[in-house]
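Asker: Start counting the sequence shown at 479; every next residue gets the next number (the numbering used here).
Built from N, CA and C at the ideal position, the CB exists for glycine as well.
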Amino acid sequence: MKKTLLKMAAIAVMAVMGAQVAQAQAVVVDPNAKVVQDEAQKKALEEAEKAQKKVEKEQAQAQKEQAKAQKEAKKAEKEAKAREKAAKKKQQEMEKREKANANAKKAARDAEKARAKAQKVAEKAANNEGDLKAKAKALKAEAAAVKAQDKANKAAEKAAKFNK
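See the structure below:
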């Protein structure tokens, strides 16, 4: 595009120079020569104006194309940012889901441990029927098991919500 513009500018300059050379060569000997000289100047000037208009038109076209390319580049950049943002959001959701699943598994293990402990304490209390301390421990262990089970259920619900 730049080469074309330079060529057009060179043509315009040569046309003007040609007119000047024609003017220098024309020696005003007779009145007809003056008319020929004026016509040559006029023609050279018209050629230069045409070349100038063509150059300006091509420059305007080049500017339009450049503006269009910039607009497309901005649009592509915006789309890339949107894709990146969506990918980041998806990654965060996946991490939340994994964390919720891990919490649910841990809570289930804790509940199982508490249940096993409560059962042991209950068996011990059953062996020592008259021991109030053992019965109190059994009740405490059972309450802890129920609490752990509730926690496991809540964690499982949260994990299920993320896994939809």
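(1) Among Q515, Q569, E571 and D628, which residue has its Cα nearest to the Cα of A585?
(2) Does DSSP put N641 in a helix, a strand or coil?
(3) For V599, count neighbouring C-beta atoms within 10 Å of its own C-beta (all shown protein chains included) and say buried if the count is 16 or more, exposed if not.
(4) E571: which of K485, A637, A487 and K481 sits nearest, CA to CA?
(5) Should the segment 512-520 be called in touch with the segment 549-561, which here means at least 3 C-beta pairs below 8 Å?
(6) Mark A529 as exposed unless 16 or more other C-beta atoms lie within 10 angstroms of its C-beta, in which case mark it buried.
(7) I'd like to check one pair, M492 with K532: are the Cβ atoms closer than 8 Å?
(8) Please report how far the alpha carbon of V624 lies from the alpha carbon of A589, in whole angstroms.
(9) For A522, which of K481, A490 and Q537 has the nearest alpha-carbon?
(10) Looking at the ligand ADP, does it come within less than 7 Å of V533, judged from the CB to the closest heavy atom?
(11) What does the alpha-carbon distance come out to for the pair K552 and K639?
(12) Using 8 Å as the threshold, is the C-beta distance between A614 and K602 below it?
Answerer: According to the structure shown:
(1) Within the sequence shown, the letter at position 107 stands for residue 585. When only C-alpha atoms are compared, the closest one is D628.
(2) Counted from its first residue, the sequence shown places residue 641 at position 163. N641: coil per DSSP, three-state reduction.
(3) The count along the sequence shown starts at 1 and reaches residue 599 at position 121. Label assigned to V599: buried.
(4) Residue mapping note: residue 571 aligns to position 93 of the sequence shown, counting from 1. Nearest option by C-alpha distance: A637.
(5) no
(6) Taking the sequence shown and counting its residues from 1, the one referred to as residue 529 is at position 51. Buried.
(7) Sequence index remark: in the sequence shown, residue 532 carries index 54 (1-based). Sequence index remark: in the sequence shown, residue 492 carries index 14 (1-based). No, these two residues do not count as a Cβ contact at 8 Å.
(8) Stepping through the sequence shown from its first residue, residue 624 is reached at position 146. Stepping through the sequence shown from its first residue, residue 589 is reached at position 111. Cα to Cα, the separation comes out at about 8 Å.
(9) Along the sequence shown, read from residue 1 onward, the residue named residue 522 stands at position 44. Taking only the C-alpha atoms, the option nearest A522 is A490.
(10) Of ligands this structure carries none, so the ligand ADP is not represented either.
(11) Stepping through the sequence shown from its first residue, residue 552 is reached at position 74. Stepping through the sequence shown from its first residue, residue 639 is reached at position 161. K552 and K639: Cα-Cα distance of roughly 38 Å.
(12) The residue you call residue 614 lines up with position 136 of the sequence shown. The residue you call residue 602 lines up with position 124 of the sequence shown. It is not a contact, given that the beta carbons lie outside the stated cut-off.
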